Amino acid sequence: MLNYDFKFSIFVPLIFLFLILPVNIIIIGTDLGIAIQFPLFREQWTNYGFSDIECFTDIQYILKGTLSGKTAISIEFWQIGNLVFVLTIIALALHLSEKISIKIVAYSLFVTSCLYLTSIIIQYGPLFHGPAGVAIPVGLPLLFFLSYWFYSLHRKNREGCQEE
């Protein structure tokens with residue numbers, strides 16, 4: 634089992650890193666603007682000015698019919714990813730109090746990363762480039778790596794327990 638001080642010093646900063654990590658940089662359309670997409674919000678600079686779009690605003694745009702088609706589907710996948718992401722943060726906090734295994738955190742972070750990737754592919758295509766613009770998933774590889782790292786910690790803990 635990992636030392637509690639080690640877990641606290643590593644996992645608590647990771648919780649905050651998750652919240653401020655830019656997952657995606659987007660060039661909108663044909664140079665219409667730029668957006669930086671974080672897990673729970675998006676900052677967007679266009680010809681119309683600056684916008685800070687929270688996840689609840691995106692949901693409202695879909696419900697009101699402002700956004701539809703593949704954009705709405707893409708946002709729905711992103712929002713489901715956000716829900717799993719929040720559950721991942723809760724699971725990480727529960728892991729600190731040793732109520733659940735780090736394996737659950739690893740799996741939920743992997744699912745979050747897959748949902749974010751699916752959202753990007755729906756909107757921009759498998760090569761992250763299309764009529765909607767260009768997506769550069771800068772933080773997504775880190776999320777996949779962290780999910781693998783959490784899973785490897787679980788395997789090391791399990792192997793350590795079997796040896797004792």
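Residue numbers 634 to 797, in my numbering, belong to the letters of the sequence shown in order.
Virtual Cβ for every residue (Gly too), placed ideally from N, Cα, C.
Predicted, not measured: the structure shown is a model, and the values here were computed from it.
query = What's the call for Tyr681, buried or exposed, on a 16-neighbour Cβ count within 10 Å?
reply = exposed
key: Contact under 9 angstroms by Cβ, Ile722 with Tyr784   = no
ask   = What's the gap between the Cα of Leu786 and the Cα of Ser684?
value = 39 angstroms
request  = Would you kindly check if the distance between the Cβ of Ile661 and the Cβ of Ile769 is under 9 angstroms?
outcome  = no
query = Between the Cα of Ser746 and the Cα atoms of Tyr694, Leu654, Arg788 and Ser701, which residue gives the shortest distance?
reply = Leu654
ask   = Considering Ala768, what are the terminal residues of the beta strand (DSSP E) in which it resides?
value = Gly766 to Ile769
ask   = Is Trp678 near the ligand HEM, with its Cβ less than 8 angstroms from a heavy atom?
value = Absent from the structure shown: the ligand HEM. Ligands present: none.
task = Take Ile669 and list the residues in its own chain whose beta-carbon comes closer than 6 angstroms to its own, dropping the five residues that flank it on each side.
result = Pro655, Ile658 and Glu676
key: Top-ranked residue by Cα proximity to Thr663, from Gly763, Gly702, Ile733 and Ser741   = Gly763
request  = Using the DSSP secondary-structure output, state which residues sit across from Ala668 in a beta bridge.
outcome  = Ile659 and Gln677
message = Do Ile754 and Phe761 have their beta-carbon atoms positioned less than 9 angstroms apart in this structure?
response = yes
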